[in-house]
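To start, the structure itself, in structure tokens.
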Amino acid sequence: MQKRFLSSITNKVPQVLLTLGLLYSSSAAFAQKSTSASPYSQFGFGQMREDLLPQQRAMGGLSTAIRYFGSVYNTNPSNPASYSAAQFSTFDAGLYGNFTQLSSSNKTDNTADFAFSHITMTFPMKKAGGISMGILPYSDLGYNSNSVQKLDSINYRKVFTGEGGLTKAYFGYGVNVTKNLSVGANISYLFGTLNDFRRTEFPYNYGALNVQQQDKREIQGMSFDYGAQYYATIKKEYSLTIGYSGSLNNAIHDRTTSYTTRIAPSANSEDSNIALDTIYKTDRVRRDLNLPLKHNVGITFAKTNRWLVGAEFKYADWSKFQVRKDEANLKTNYGFAIGGQITPDPTSFKYTNLMDYRIGFRYNKTQYYINKQDINDMAITFGVGLPLARNPYSGAFSKINISAELGQMGTINNSLIRERYVNLNVGFTLNDRWFRKNSID
Numbered sequence: 001m002q003k004r005f006l007s008s009i010t011n012k013v014p015q016v017l018l019t020l021g022l023l024y025s026s027s028a029a030f031a032q033k034s035t036s037a038s039p040y041s042q043f044g045f046g047q048m049r050e051d052l053l054p055q056q057r058a059m060g061g062l063s064t065a066i067r068y069f070g071s072v073y074n075t076n077p078s079n080p081a082s083y084s085a086a087q088f089s090t091f092d093a094g095l096y097g098n099f100t101q102l103s104s105s106n107k108t109d110n111t112a113d114f115a116f117s118h119i120t121m122t123f124p125m126k127k128a129g130g131i132s133m134g135i136l137p138y139s140d141l142g143y144n145s146n147s148v149q150k151l152d153s154i155n156y157r158k159v160f161t162g163e164g165g166l167t168k169a170y171f172g173y174g175v176n177v178t179k180n181l182s183v184g185a186n187i188s189y190l191f192g193t194l195n196d197f198r199r200t201e202f203p204y205n206y207g208a209l210n211v212q213q214q215d216k217r218e219i220q221g222m223s224f225d226y227g228a229q230y231y232a233t234i235k236k237e238y239s240l241t242i243g244y245s246g247s248l249n250n251a252i253h254d255r256t257t258s259y260t261t262r263i264a265p266s267a268n269s270e271d272s273n274i275a276l277d278t279i280y281k282t283d284r285v286r287r288d289l290n291l292p293l294k295h296n297v298g299i300t301f302a303k304t305n306r307w308l309v310g311a312e313f314k315y316a317d318w319s320k321f322q323v324r325k326d327e328a329n330l331k332t333n334y335g336f337a338i339g340g341q342i343t344p345d346p347t348s349f350k351y352t353n354l355m356d357y358r359i360g361f362r363y364n365k366t367q368y369y370i371n372k373q374d375i376n377d378m379a380i381t382f383g384v385g386l387p388l389a390r391n392p393y394s395g396a397f398s399k400i401n402i403s404a405e406l407g408q409m410g411t412i413n414n415s416l417i418r419e420r421y422v423n424l425n426v427g428f429t430l431n432d433r434w435f436r437k438n439s440i441d
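Take the sequence shown: its letter number 237 is residue 237 in my numbering, and every next letter is one higher.
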């Protein structure tokens, strides 16, 4: 028995080290400024990230009616009703990369960012359902714009920048209430800091001091979302799942502090924007913010271990949300997604037949309405699931999931900016019976 125990601990060492390493890298990622370069992130909370893992992003964002990929459960924080389908203890972590081209009517710029994506863990509780917990990015703020203006004979520059982001830590529970119906809920804690900077910059050789105003918004609070899934087996090898998920317009808190500082111009970019003194500061002003009311409805149809297809409709009402005082209200966001997955032959000895191939499309009319123009976002998505060798003793099996989103947001019409982007996500999924009791000593 002692040998079996020591062997079990030894087998878990790589998993524990991987978990600790990813947790360390994620904590470093939270400290970074931003992973967004979108000019539209200056509105609301910034660029919203959604509660999606790479395997869901590869299918256009299908998630509400997803319980299994093939016959294997994958963590799905977008619909907590899915936790009741967990068969193994499931660990999932990954990284995110973004390549963006920003274009106006007369200028083009390119940016790239890489960051932590997610860490989630889900545990089955047999007839009692399943629980899940994790850390996910909620939003990113990252914009930069400037214009040259003139005062008498002096040219100066007005600069507007933003940086920061919000993080979501969640705990969820899902349970089967009947043979074909499951329900679930997530309770989440949102936290993070968003910074807006407005600077007036004079040329270095004029000897004048620059002036910067910073609005530091510290945001935190609890949110609650819920879901349900109805699933049925058709002729043993086919399954149909209908899903719903939503969230209340929870109230969270914004504590804003404003600073006005004087800055000495510098020819060295590394020494720029260093404050000499603070000439004005406000106290932390608290405001309550209402998160949007959300409704998502989806349907999937699948053949066990072979393929899955589905569609989804998403709705979020941002019209009552106002993150900055006196900021214009946002609009209603609605969109749809279609997608699917195919595994050629899970019984084959050929590796390419064991891989999961995924494809999808999504479209969103976003909550942004600027210069009398709706800002739309659309993307073609695809990805693969790469299975790794199964452990014949513990039953553990792993998979690497890779997804790509090729999309466009906004337009160059009406003096706006068009974003063309490639989002890459890589996730590592480990399934194991972590709390299995040995039947023989």
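All C-beta atoms, glycine included, are put in the ideal place defined by N, C-alpha and C.
The structure displayed is predicted, hence computed values, not measured ones.
For this session: Can you grab the Cα-Cα spacing for the pair F382 / V422, in whole Å?
Result: 11 angstroms
For this session: Taking N195 and G172 to be in contact with their CB atoms under 8 angstroms, please state how far apart those CB atoms are, rounded to whole angstroms.
Result: Wrong, their Cβ atoms sit about 31 angstroms apart, outside the cutoff.
Exercise. Does the segment 309-323 come close enough to the segment 63-74 to have 3 or more Cβ pairs within less than 8 angstroms?
Worked result: yes
Exercise. Ordered along the chain, which non-local residues of its own chain (more than five positions away) have a Cβ less than 7 angstroms from that of E237?
Worked result: K303 and T304
Exercise. According to DSSP, is R157 helix, strand or coil?
Worked result: strand
For this session: Would you kindly report the start and end of the unbroken beta strand (DSSP E) that includes R262?
Result: A251 to I263
Exercise. Excluding the five sequence neighbours on either side, which residues of its own chain have a C-beta within less than 6 angstroms of the C-beta of N431, listed in chain order?
Worked result: F88, T90 and F397
For this session: Count the CB pairs spanning the segment 243-263 and the segment 284-302 that are closer than 8 angstroms, and state whether there are at least three.
Result: yes
Problem set entry | Under 8 angstroms between C-beta atoms of Q55 and F45 | no
For this session: Could you tell me which of M222, T260 and G246 sits nearest to Q213, measuring between CA atoms?
Result: T260
For this session: Take the Cβ of I412 as the centre, count every other Cβ of all protein chains shown within 10 Å, and call the residue buried at 16 or more, exposed below.
Result: exposed
Problem set entry | For T233 and S41, the rounded distance between their alpha carbons | 43 angstroms
For this session: Give me the Cα-Cα distance between A93 and I400, rounded to the nearest whole angstrom.
Result: 10 angstroms
For this session: Identify the continuous alpha helix (DSSP H) that holds Y448 and give its terminal residues.
Result: For the chain, the structure presents residues 1 to 441; residue 448 sits outside this window and is missing.
Exercise. How is the beta strand (DSSP E) around Q213 delimited, first residue to last?
Worked result: N210 to I234
For this session: Check whether the segment 313-331 touches the segment 339-358, counting contact only when three or more Cβ pairs, one atom from each stretch, lie closer than 8 angstroms.
Result: no
Exercise. From I417, N425 and L424, pick the residue whose C-alpha is nearest to that of K107; which is it?
Worked result: I417
Exercise. Secondary structure at N413, three-state DSSP: helix, strand or coil?
Worked result: helix
Exercise. CB K168 to CB L190, shorter than 8 angstroms?
Worked result: yes
For this session: Would you give the residue range spanned by the alpha helix (DSSP H) that P54 belongs to?
Result: P54 to R57
For this session: Look at the Cβ atom of S239, then the Cβ atom of N296, and state whether they are nearer than 8 angstroms.
Result: no
For this session: Consider the C-beta atom of Q149 and the heavy atoms of the ligand COA; say whether any pair is separated by less than 7 angstroms.
Result: This structure lacks the ligand COA; in fact it carries no ligand of any kind.
Exercise. Exposed or buried, which one is E163 when buried takes at least 16 other CB atoms within 10 Å?
Worked result: buried
For this session: Can you grab the Cα-Cα spacing for the pair S153 / T200, in whole Å?
Result: 16 angstroms
For this session: In the DSSP assignment, find the beta strand (DSSP E) that holds V422 and state where it starts and stops.
Result: R418 to D432
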